[in-house]
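Asker: Residue numbering for the sequence shown follows my numbering, beginning at 5 and increasing consecutively.
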Amino acid sequence: MRLISICPSNTELLHYLGLTSRLVGVDDFSDWPKEVLDLPKLGPDLNINMEKLEALKPDLVLASLSVPGMERNIEELEKRSIPHIILNPQSLEDIARDLMTVGEQTNSSSKAHEIASSMREIIQTYRQCATACENKPSLYWEWWPKPIFTPGKINWLTEISDLAGAVNIFSDKEVASYQTEWAEVVKKNPDAICMIWVGVKESKMNPKHVMKRENAETIHAVRNSHIHVLEESLYCRPSPRLILGLQKLAALLHPTSYPAYTGNDPLLK
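Structure follows, in structure tokens:
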């Protein structure tokens, strides 16, 4: 079966199902696992080269609606009658269900059930730990600095915050992604700031970018040096890798209440 993924999260999901070897092409931003780096690149996930994709003669394309603008890819797939499925997860449970959906389409249902079950077990464990946490810090997640974008209520990072014994300061916004102003962040006064600029490596993100903003020195997170530069690949892509991000965040915020973070993916045993 010849598979194509046109966004990083779908590429990662296929790897958890043991299907990386069936991939014949991916979008430009897919960079994990390392095996996909040598595959034909089909352009950025918002502007896939459909001529090149079609020439690869896929049996199934994994498309996505996780970022506004991806609709154009799907319209073109439909126009060309290319077999595809569309994933648009907003929660960890959505991702578990997507595993099952893709498993059914690729004769990998057994593996899909195994990974989804492991995800749910870990989520339940962390939910119990979160319930036992007495102090839950407020978090400001920064997806993009200018203009400022941050996850709202309808997003996996609000769920991950809760499971890690914390609270997303913008969980009151009934959207997946919320555009705000720095003044609003200052007003909400988060206990910690998590920098996860989409598509930007950690080496390019510096807490000083935040610290030099107007009135930044009044925020608890800045005053207490709780500005965390995190891997956007563990928090911005709706794939099972978010579980690894959850484990890292929970251990960072509550080192004595949660399991230690080892960096080993519990879903890839």
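No residue lacks a Cβ here, since even glycine has one placed at the ideal position from N, Cα and C. Since the model is a prediction, treat every value here as computed from it, not as a measurement.
Quick one: Cα of residue 151 to Cα of residue 171, how far?
Answerer: Roughly 23 angstroms between the two C-alpha positions.
Asker: Touch check for the region 54-67 and the region 86-93: three-plus C-beta pairs under 8 angstroms?
Answerer: Verdict: yes, contact present.
Asker: Let me confirm a value: residue 146 is counted as buried when at least 16 other C-beta atoms fall within 10 Å, else exposed. Which label applies?
Answerer: buried
Asker: Below 8 angstroms between beta carbons: does that hold for residue 225 and residue 197?
Answerer: Yes, Cβ-Cβ distance for residue 225 and residue 197 is below 8 angstroms.
Asker: Three-state secondary structure (DSSP) at residue 258?
Answerer: Residue 258 carries a coil assignment under DSSP once its states are collapsed to helix, strand and coil.
Asker: What separation, rounded to the nearest whole angstrom, lies between the Cα atoms of residue 48 and residue 78?
Answerer: 14 angstroms
Asker: Return the chain-ordered list of same chain residues with a C-beta closer than 6 angstroms to the C-beta of residue 19, the five sequence neighbours on each side being excluded.
Answerer: 37
Asker: Using the C-alpha atoms, what's the distance from residue 207 back to residue 51?
Answerer: 27 angstroms
Asker: Leaving out five residues before and five after residue 33 in sequence, what residues of the same chain have Cβ atoms less than 8 angstroms from its Cβ?
Answerer: Answer for residue 33: 11, 12, 48, 49 and 203, listed in chain order.
Asker: Closest to residue 239 by C-alpha separation, out of 221, 83, 159 and 210, would be which residue?
Answerer: 159
Asker: Quick one: what's got a C-beta closer than 7 angstroms to residue 124's C-beta in the same chain, skipping five residues either side?
Answerer: 100
Asker: Nearest-angstrom Cα distance between residue 30 and residue 134?
Answerer: The straight-line gap from Cα to Cα measures roughly 37 angstroms.
Asker: Report the three-state DSSP secondary structure of residue 12 (helix, strand or coil).
Answerer: helix
Asker: Which runs of the alpha helix (DSSP H) fall wholly inside the region 34-84 and span at least 4 residues, in chain order?
Answerer: 54-59 and 75-83
Asker: I need the straight-line Cα distance from residue 94 to residue 261, nearest angstrom please.
Answerer: Straight-line Cα distance between these residues: approximately 27 angstroms.
Asker: Closer than 8 angstroms by C-beta to residue 249: which residues in its own chain qualify, once you throw out the five before and the five after it? Chain order, please.
Answerer: 164, 234, 235, 238 and 239
Asker: Quick check: the Cα distance between residue 169 and residue 138, rounded to an integer number of angstroms?
Answerer: One alpha carbon belongs to residue 169, the other to residue 138, and they sit about 9 angstroms apart.
Asker: With distance defined between alpha-carbon atoms, name the residue in 22, 176, 153 and 212 nearest to residue 186.
Answerer: 153
Asker: Let's see if you can read the secondary structure: which residues bound the alpha helix (DSSP H) around residue 238?
Answerer: No alpha helix (DSSP H) holds residue 238; DSSP gives it neither H nor E.
Asker: Among 83, 26 and 74, which residue has its Cα nearest to the Cα of residue 62?
Answerer: 26
Asker: Please classify residue 148: does DSSP put it in a helix, a strand, or coil?
Answerer: strand
Asker: Return the residue from the list 222, 8 and 247 that minimises the CA-CA distance to residue 129.
Answerer: 247
Asker: Let me know if residue 16 comes out buried or exposed under the rule of 16 or more other beta-carbons within 10 Å of its beta-carbon.
Answerer: buried
Asker: Which residue from 256, 242 and 144 puts its Cα closest to that of residue 102?
Answerer: Measuring from the Cα of residue 102, the nearest candidate turns out to be 242.
Asker: Could you please give the first and the last residue of the uninterrupted beta strand (DSSP E) stretch that includes residue 29?
Answerer: 27-30
Asker: Quick one, which of 258, 245 and 253 has its alpha-carbon nearest residue 270's?
Answerer: 245
Asker: From what residue to what residue does the alpha helix (DSSP H) around residue 132 run?
Answerer: 113-136
Asker: For residue 143 and residue 194, which I take to be in contact (beta-carbon distance under 8 angstroms), what is that distance rounded to the nearest angstrom?
Answerer: 6 angstroms
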